[in-house]
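**Q** For the record, the sequence lines run as chains W and B.
Mind the numbering: the first sequence is residues 1 to 148 in the working numbering, read in order.
Mind the numbering: the second sequence is residues 149 to 635 in the working numbering, read in order.
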Amino acid sequence: MNETDLHFFIDSTVNYFEEVTGEQAITGIPYLKGKEPVVLDYSGIIGISGKRKGCVYITTTSEMLKSLANIILNDHQATIETVKDLTGEIANTISGNVREAYGSSFMISVPVVVEGRAKDIRLPEHVQTFVIPITWKEYKSFLVVCLE
Amino acid sequence: MPFSALEPNAETGKWESQWRDLERVMHYLLQHTGEGIFFLTQDLVIQEYYSKALQEILGISNLRGRNLINLLENRIPSQIIENTKEYLQLMFRPDLDEEVINELNPLVETEFFYEDEWGIWTSSKYLSFTFRRVTQEKNIILLLITIKDVTEKILLSKKIQQTEEHTQKQMEWLVNILHVEPEMLKEFFIGVEQELANIEEILKNAKDTKNPRELIENIYRSLFIIKGNASMLDLRFFTDKTNQFINKVFKLRNKSDLNGNDFVPIVVSLGDMREILKEVQTIFKRISHFHNHFRIKRAYESELLVHSLKTLIISLSKQLGKAVKFDYKDFDALSIPYSYRNMVRDILFLLVRNTILYGIEDFDQRKSSNKDPNAIIKISSMINDGFLGLVMKHDGRIDRIERMIQRLVTYEPDENLPESSLEGIQVTQLLFTPNLQMDNERELEASYSMDMELLKRKLKEKGGRLKITFTSEDCCEFKILLPLRRV
């Protein structure tokens, strides 16, 4: 994992917020993931395989997703299904960018949306995992990147 | 027995028993072969009869009537799927030679990915596909496809390749650590582990910080400790790697408007350092059983302290074109309590290193100023009135201190502190003031200031004291007192 890769994932995520809401998201100070789980209410996970293997996910709170639904869909009473769809959409945007940038020798999975904070997301153990806090409006979310 | 053309039963003239035999043989074959075997039609559909192993290899049941391309999707990269489609079309073209087309087989050794319950690829196998035409009256009616699981073979060859690639680097590291005593190396690893953990904590807890510069200073400090310890043990690869890291941190120190993105190089370097530490520790574990056969005694362990200081002096002075004599005849390493051993080592190392870097002039300078070209660094120890005393003396110049005083007066004039009134105690205070560094001579000054702050912190933690005596030309003496009863 190099700096360019990490910047790429960060930019893809941050740009999503700005493009769809017009409001910039702020990148926090990244850190290495330890053993403690980094999971909020909803997580959108994409798997990467092929030449390099790994996993990228964005995990966020239902409050943030509801606020996002309010802006994007003009939906003031977003249901669980809506917030799940939004989580998938964020992950899908990252996934699309990765597909575009890394080419067809990489396999990018369809985003999987996981609900709940109960357990950590399983990641390859032998690969360093980077956690990037992202703040949009007053809401916190984390981008977690684990790529060979 | 090799397969031969079927003939009707010679006595009855009927075919039934031969067909039954053939059916049985076919059944055994498809049940027990370890390879995936199946027939594929021109529209790429898997036929009714296929081997049991095929299901196991692909991890998919009920393959009859399934489209091969659909099965490959999401399991191998799309580029290979496209190539496979083209290849299969060519295989069904009778005008093209089979052997020639087979050269284009895109599925010779392909990594096939398996999804977990979340749809994430968590495992993979390397599969080798072979394709043979099945013809009838010169028409290609089917393709016979066999799939072999070649995972073990591929992984083994990958491992060999990786090992070869790593061997040179590991040999280099091994040679680099072999000269260091195992006990010291172990302590070094513990120290690096602590500092890296410290940096990790700094970054992890940075989310609410309003002052990223403070984080940078703290990271800088930890890196200087690692660099210092690595230099002391002459672990060049570690020193170099830490230097690269320090340079990245330094860039941030000069940057205005820091944001999270600026810390990406830092966290990536931290990840690299962690990897290196892990690898070197693995090498160390491998060789440590040899060392265990030659376990060292305490007396020898103490000698190591002097030995490592000697190594530092030799390597650093050589590197900087200086000549230094090391006098340690009054230093008794055995008198240092075990619990102070690391601290004494760190303090002496810090003082000696900084003395060579900033205090001692190079050979020619000393000669031209009518000094003995060989500078002297002397250390001694004593136990007195419940204190452990350590003294480090050198006969280098003290202009670093003078420059600091001058700078303070020039850049931060203080009406209450005229230049002429600066006395020993105030100069010492300046020595212990971090962040006095200016743009030029950045590393030199940053390092010195930071080291001194570190020393001050360490002494304070243990209730120790420091006294510095110097003249501007001849000699500087650092005296440290550590209380024995507080240990």
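The C-beta atom is built at its ideal place from N, Cα and C for all residues, glycine as well.
I need the boundaries of the alpha helix (DSSP H) containing B/ILE522, first residue and last residue.
**A** Within the second sequence, residue 522 of chain B is the residue found at index 374, counting from 1. Reading the sequence as shown, one finds Asn at residue 522 of chain B and not Ile. Per DSSP, B/ASN522 belongs to no alpha helix (DSSP H); it is in the beta strand (DSSP E), 522–532.
**Q** Please confirm if the stretch 352–368 of chain B is in contact with the stretch 453–469 of chain B, defined as three or more CB-CB distances below 8 Å between the two stretches.
**A** Contact between the stretch 352–368 of chain B and the stretch 453–469 of chain B is absent, because fewer than three Cβ pairs lie under 8 Å.
**Q** Between B/MET332 and the rest of its own chain, which residues show a CB-CB distance below 8 Å, the 5 nearest in sequence each way excluded?
**A** Position 184 of the second sequence holds residue 332 of chain B. Taken in chain order, the residues that qualify are LEU381, LEU452, SER456.
**Q** How many whole angstroms separate the CB atoms of B/LYS606 and B/ILE495, which I take to be in contact at a CB cut-off of 8 Å?
**A** Reading the second sequence from its first residue, position 458 is the one you call residue 606 of chain B. Reading the second sequence from its first residue, position 347 is the one you call residue 495 of chain B. The pair is a contact, with the Cβ atoms about 7 Å apart (cut-off 8 Å).
**Q** Along the chain, where does the alpha helix (DSSP H) that runs through B/GLU509 open and close?
**A** What you label residue 509 of chain B is simply residue 361 of the second sequence in a count that begins at 1. Run containing B/GLU509: none; DSSP gives neither H nor E here.
**Q** Let me know the secondary structure DSSP gives B/SER199 once reduced to three states.
**A** As a working note, residue 199 of chain B is residue 51 in the second sequence. Three-state result, B/SER199: coil.
**Q** What is the DSSP secondary structure of B/ASP475, reduced to helix, strand or coil?
**A** In the second sequence, the residue the question calls residue 475 of chain B occupies position 327. B/ASP475 falls in the strand class under three-state DSSP.
**Q** Of all the options W/ARG122, W/ILE58, W/THR135, W/ILE108, which has the alpha carbon lying nearest to the alpha carbon of W/LEU86?
**A** Working through the first sequence from its first residue, we reach residue 86 of chain W at position 86. Out of W/ARG122, W/ILE58, W/THR135, W/ILE108, W/ILE58 has the C-alpha closest to the C-alpha of W/LEU86.
**Q** Determine which residues of the stretch 97–108 of chain W have a Cβ less than 7 Å from any Cβ of chain B, and write them out in chain order.
**A** For the stretch 97–108 of chain W, which is checked against every Cβ of chain B, the residues closer than 7 Å are SER104, SER105, PHE106, MET107.
**Q** Excluding the 5 residues flanking B/ILE431 on each side, which residues of the same chain have their C-beta closer than 8 Å to its C-beta?
**A** Locating residue 431 of chain B in the second sequence gives position 283, where the first residue counts as 1. Excluding sequence neighbours, B/ILE431 sits near GLN318, TRP321, LEU322, ILE325.
**Q** For B/ARG281, name the three-state secondary structure that DSSP assigns.
**A** Locating residue 281 of chain B in the second sequence gives position 133, counting from the first residue. Strand.
**Q** Okay, do the stretch 11–29 of chain W and the stretch 220–237 of chain B touch, 3+ Cβ pairs below 8 Å being the bar?
**A** No, because fewer than three Cβ pairs between the stretch 11–29 of chain W and the stretch 220–237 of chain B fall closer than 8 Å, the two stretches do not touch.
**Q** Between the Cα of W/MET1 and those of W/GLY50, W/GLY34, W/GLY54, spot the shortest distance and give me the residue it belongs to.
**A** Along the first sequence, read from residue 1 onward, the residue named residue 1 of chain W stands at position 1. Residue W/GLY54 is the option with its Cα nearest to W/MET1.
**Q** So, with DSSP's three-state summary, where would you put W/PHE8?
**A** Counting from one through the first sequence, the residue named residue 8 of chain W turns up at place 8. Correct three-state label for W/PHE8: helix.
**Q** Could you check whether the stretch 403–419 of chain B touches the stretch 287–305 of chain B, counting it as contact only if at least three pairs of C-beta atoms, one from each stretch, sit closer than 8 Å?
**A** No, they do not touch.
**Q** Tell me, please, which residues DSSP counts as bridged to B/THR617.
**A** Looking up residue 617 of chain B in the second sequence gives position 469. Paired residue(s): B/GLU625.
**Q** For B/LYS541, report the span of its beta strand (DSSP E) as first-last.
**A** Against the second sequence, residue 541 of chain B aligns to sequence position 393. Residues 535–542.
**Q** Under the assumption that W/ILE7 contacts B/VAL412 (Cβ atoms under 8 Å), give the Cβ distance between them as a whole number of angstroms.
**A** Position 7 of the first sequence, counted from the first residue, corresponds to residue 7 of chain W. Position 264 of the second sequence, counted from the first residue, corresponds to residue 412 of chain B. The question names Ile, but residue 7 of chain W in the sequence shown is His. That belief holds up - the Cβ atoms of W/HIS7 and B/VAL412 are roughly 6 Å apart, short of 8 Å.
**Q** What ranges does the alpha helix (DSSP H) occupy inside the stretch 323–369 of chain B, keeping only unbroken runs of at least 4 residues that lie completely in it?
**A** 330–352, all fully within the stretch 323–369 of chain B.
**Q** Check whether the Cβ of B/ASN564 lies closer than 9 Å to any Cβ atom in chain W.
**A** Within the second sequence, numbered from 1, the residue matching residue 564 of chain B stands at position 416. Note on B/ASN564: pLDDT 44, under 50, position unreliable in the model; no value is reported.
**Q** Using a Cβ-Cβ cutoff of less than 6 Å, which residues in the same chain neighbour W/ASP11 once the five nearest sequence positions on both sides are dropped?
**A** Along the first sequence, one-based indexing puts residue 11 of chain W at 11. None.
**Q** Judging by CA-CA distance, which residue of B/TYR486, B/LYS458, B/ILE194 is the nearest neighbour of B/PHE474?
**A** To locate residue 474 of chain B, count along the second sequence from 1; it is residue 326. The candidate whose alpha carbon is nearest that of B/PHE474 is B/LYS458.
**Q** Does chain B have any CB closer than 9 Å to the CB of W/GLU3?
**A** For the purposes of this step, residue 3 of chain W is taken as the residue at position 3 of the first sequence. At least one chain B Cβ lies under 9 Å of W/GLU3.
**Q** Could you please give me the residues that DSSP links to W/TYR31 through a beta bridge?
**A** Position 31 of the first sequence holds residue 31 of chain W. Answer is W/VAL131, bridged to W/TYR31.
**Q** How should B/THR258 be labelled, buried or exposed, when 16 other C-beta atoms within 10 angstroms of its C-beta is the threshold for buried?
**A** Locating residue 258 of chain B in the second sequence gives position 110, counting from the first residue. B/THR258 comes out buried.
**Q** Taking a cut of 7 Å between CB atoms, which residues from the stretch 390–420 of chain B lie near chain W?
**A** For the stretch 390–420 of chain B, which is checked against every Cβ of chain W, the residues closer than 7 Å are ASN407, GLY408, ASN409, PHE411, VAL412, PRO413, VAL415, VAL416, LEU418, GLY419.
**Q** With a threshold of 7 Å on Cβ separation, who are the neighbours of W/TYR16 within its own chain once the five nearest residues in sequence on each side are excluded?
**A** Against the first sequence, residue 16 of chain W aligns to sequence position 16. So the qualifying residues of the chain are ILE90, THR93.
**Q** Would B/GLU362 pass as an interface residue toward chain W - the criterion being a Cβ-Cβ separation below 9 Å?
**A** In the second sequence, residue 362 of chain B corresponds to position 214, counting from 1. Judged by the 9 Å Cβ criterion, B/GLU362 is not in contact with chain W.
**Q** Of all the CB atoms in chain B, is at least one closer than 9 Å to the CB of W/GLY116?
**A** The sequence position of residue 116 of chain W within the first sequence is 116, counting from 1. It does not; no Cβ of chain B falls within 9 Å.
**Q** If you drop the 5 nearest sequence neighbours on each side, which residues of the same chain put their C-beta closer than 8 Å to that of B/GLU509?
**A** Position 361 of the second sequence holds residue 509 of chain B. If we look at B/GLU509 and ignore the five residues flanking it on each side, its Cβ neighbours are LYS470, SER517, LYS519, ALA523, GLY544, ARG545.
**Q** Please report the straight-line C-alpha distance between B/VAL193 and B/LEU202, rounded to a whole angstrom.
**A** Within the second sequence, residue 193 of chain B is the residue found at index 45, counting from 1. Within the second sequence, residue 202 of chain B is the residue found at index 54, counting from 1. Each residue's alpha carbon lies about 15 Å from the other.
**Q** Please list the residues of the stretch 73–92 of chain W that have a C-beta atom closer than 9 Å to any C-beta atom in chain B, keeping them in chain order.
**A** The stretch 73–92 of chain W vs chain B, Cβ under 9 Å: nothing.
**Q** Starting from the C-beta of W/ILE29, find all residues in its chain whose C-beta is less than 6 Å away, skip the five residues before and the five after it, and write them out in chain order.
**A** The residue given as residue 29 of chain W occupies position 29 in the first sequence. Contacts found: none.
**Q** In whole angstroms, what separates the C-alpha of W/VAL131 from that of B/LEU211?
**A** By one-based count along the first sequence, residue 131 of chain W stands at place 131. By one-based count along the second sequence, residue 211 of chain B stands at place 63. Going from the Cα of W/VAL131 to the Cα of B/LEU211 covers about 41 Å.
**Q** Can you check whether the CB of B/MET239 is closer than 9 Å to the CB of B/LEU344?
**A** Reading the second sequence from its first residue, position 196 is the one you call residue 344 of chain B. Reading the second sequence from its first residue, position 91 is the one you call residue 239 of chain B. No.
**Q** Output needed for B/ARG281: all residues of its chain with C-beta closer than 7 Å, excluding positions within five of it in sequence on either side, in chain order.
**A** Counted from its first residue, the second sequence places residue 281 of chain B at position 133. Here the set comprises MET239, GLU246, ILE288, LEU291.
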